[in-house]
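Reminder that position 212 of the sequence shown reads as 213 in our numbering, one-by-one numbering, no gaps.
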Amino acid sequence: VFFILLATIGPIIVPAPIVTSVNPKDIFLPPQLNNPYYILGTGPIGDSILGDIVAGAPFLLEVAFLAGLFSTAIGLTIGILSGYLGGIMDMILTSITNIVMTMPSLILVIILVTMIRTSNPLIISLILSISSWTGLALSVRSQVLVLRSLPYIEVNKLLGLGTWHTVFREIFPNLASYIAIHFIFNVEGAVYAAVGLYFLGLLPINPYNWGVMISNALNDGAVYGGSALYYLLFPSVFVVMFMVGLIFLTYGIDEISNPRLRRY
Numbered sequence: 002v003f004f005i006l007l008a009t010i011g012p013i014i015v016p017a018p019i020v021t022s023v024n025p026k027d028i029f030l031p032p033q034l035n036n037p038y039y040i041l042g043t044g045p046i047g048d049s050i051l052g053d054i055v056a057g058a059p060f061l062l063e064v065a066f067l068a069g070l071f072s073t074a075i076g077l078t079i080g081i082l083s084g085y086l087g088g089i090m091d092m093i094l095t096s097i098t099n100i101v102m103t104m105p106s107l108i109l110v111i112i113l114v115t116m117i118r119t120s121n122p123l124i125i126s127l128i129l130s131i132s133s134w135t136g137l138a139l140s141v142r143s144q145v146l147v148l149r150s151l152p153y154i155e156v157n158k159l160l161g162l163g164t165w166h167t168v169f170r171e172i173f174p175n176l177a178s179y180i181a182i183h184f185i186f187n188v189e190g191a192v193y194a195a196v197g198l199y200f201l202g203l204l205p206i207n208p209y210n211w212g213v214m215i216s217n218a219l220n221d222g223a224v225y226g227g228s229a230l231y232y233l234l235f236p237s238v239f240v241v242m243f244m245v246g247l248i249f250l251t252y253g254i255d256e257i258s259n260p261r262l263r264r265y
């Protein structure tokens with residue numbers, strides 16, 4: 002919730018830094034407790050670190066959630082079709098999934114982003130989800146193979162209720178919590194990938210991106226305890242906080258959906 006508010010309301014409350022002239026005295030200042038806008042310190046051109054982080058949050062979260070959505074949709078569709086239809090369709094879709102799984106996904110993503118060089122969040126999300134759907138597809142297939150043999154599914158078939166009714170009314174609800182957890186894991190992986198690609202400079206430079214901030218801080222000697230330490234520290238903290246929040250969210254969903262994990 003915090004990061005959703007950070008990405009939606011944050012830019013309204015905390016405007017993006019606008020630096021018209023660089024004053025050497027304002028570069029890499031430590032946290033300024035007497036000024037909320039500079040409470041996290043300043044960056045390499047005297048810009049507010051808080052302002053940079055808030056300005057970069059909407060794009061990063063948009064890419065992450067879109068990538069998670071695409072990965073989940075592809076994996077869910079292929080898994081359900083493969084498990085429910087069976088036969089030749091199952092063989093074809095499973096073969097495609099296994100082939101994609103054997104591809105070096107990191108190298109493939111790096112090649113694609115280097116060739117395309119786009120800052121469009123939709124295209125970046127599609128690239129990040131190009132191979133992250135395979136695990137979900139195989140898992141959903143296994144679940145559907147079990148579900149389709151249950152008596153009430155057989156009754157639906159005998160009553161002629163149709164494939165769409167059976168899939169969306171009987172099978173899909175049993176996969177809801179499972180899908181939600183995989184979606185969150187895909188979002189988590191997309192955040193790591195997006196930050197990493199910007200950190201490596203493989204995507205067009207966005208000064209507000211957290212990966213670019215970390216890269217610039219390292220280039221300015223932050224790892225050696227220099228004045229750029231806070232410019233490295235706070236973006237890294239926000240990335241870790243977002244990851245930890247997603248992990249706790251998956252634990253919560255798993256505890257709600259799995260009776261064996263409930264404490265009361």
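We put the CB at the ideal spot given by N, CA and C, even for glycine.
Who are residue i's beta bridge partners in DSSP?
i: T43; result: S49
Out of the options, which one is the CA nearest neighbour of residue i?
i: L70; options: L41, L160 and I125; result: I125
i: Y231; options: I50, E256, A74 and K26; result: I50
i: D255; options: L201, P122 and S178; result: S178
i: Y252; options: I154, F186 and S96; result: F186
i: S120; options: G202, P37, F249 and F29; result: G202
i: V141; options: I182, S106, E155 and D53; result: I182
i: L6; options: P18, P45, Q33 and L62; result: L62
i: S143; options: G52, F60, L204 and G87; result: G87
i: I79; options: L67, I93 and A68; result: I93
i: S216; options: G222, F200 and L139; result: F200
i: Y209; options: N24, P32, A58 and Q33; result: A58
i: L77; options: I180, D48, A218 and I206; result: I180
i: R118; options: V101, P205 and L250; result: P205
i: F173; options: A191, I10, V145 and L41; result: V145
i: F184; options: A8, I75, P32 and L30; result: I75
i: T98; options: L233, I131 and P32; result: I131
i: V196; options: S237, V224, A229 and S228; result: S237
i: D48; options: A68, P25 and I154; result: P25
i: L247; options: V192, I108 and L30; result: V192
i: P32; options: L219, V245 and L233; result: L233
i: A223; options: L30, I10, A8 and T9; result: L30
When we look at the beta-carbon of residue i and count the other beta-carbons within 10 Å, is it buried (16 or more) or exposed?
i: I81; result: buried
i: F235; result: buried
i: P122; result: buried
i: T103; result: exposed
i: W165; result: exposed
i: M90; result: exposed
i: E189; result: buried
i: F3; result: exposed
i: L151; result: exposed
i: F243; result: buried
i: M116; result: exposed
i: Y39; result: buried
i: S133; result: buried
i: V241; result: exposed
i: V213; result: buried
i: R170; result: exposed
i: T135; result: buried
i: L139; result: buried
i: L148; result: buried
i: L160; result: exposed
My understanding is that residue i touches residue j, with C-beta atoms under 8 Å, so please give their C-beta distance in whole angstroms.
i: L137; j: T73; result: 6 Å
i: V55; j: P12; result: 6 Å
i: V114; j: L198; result: 6 Å
i: L127; j: V110; result: About 11 Å; that fails the 8 Å criterion.
i: V168; j: Y85; result: 6 Å
i: I28; j: I46; result: 7 Å
i: N207; j: F66; result: Their Cβ separation, rounded to whole angstroms, is 17 Å, which puts N207 and F66 out of contact at 8 Å.
i: P16; j: G52; result: 7 Å
i: F211; j: F239; result: Note that residue 211 is Trp in the sequence shown, not Phe. Yes, W211 and F239 are in contact; Cβ-Cβ is about 6 Å, under 8 Å.
Cβ-heavy atom distance between residue i and the ligand ADP below 8 Å?
i: F66; result: This structure lacks the ligand ADP; in fact it carries no ligand of any kind.
| Unbroken alpha helix (DSSP H) runs of length 4 or more, entirely within the segment 97 to 157: which are they? | As summarised for the segment 97 to 157, the continuous alpha helix (DSSP H) elements at least 4 residues long and confined to that stretch are 106 to 117, 122 to 129 and 135 to 148, given in chain order.
| said: Could you tell me which whole alpha helix (DSSP H) segments of length 4 or greater appear in the segment 170 to 249? | reply: Those alpha helix (DSSP H) runs which fall completely within the segment 170 to 249 and span 4+ residues are 173 to 200 and 211 to 220.
| said: Ignoring anything shorter than 4 residues, give me the alpha helix (DSSP H) runs that lie fully in the segment 49 to 90, in order along the chain. | reply: Listed in chain order, they are 50 to 86.
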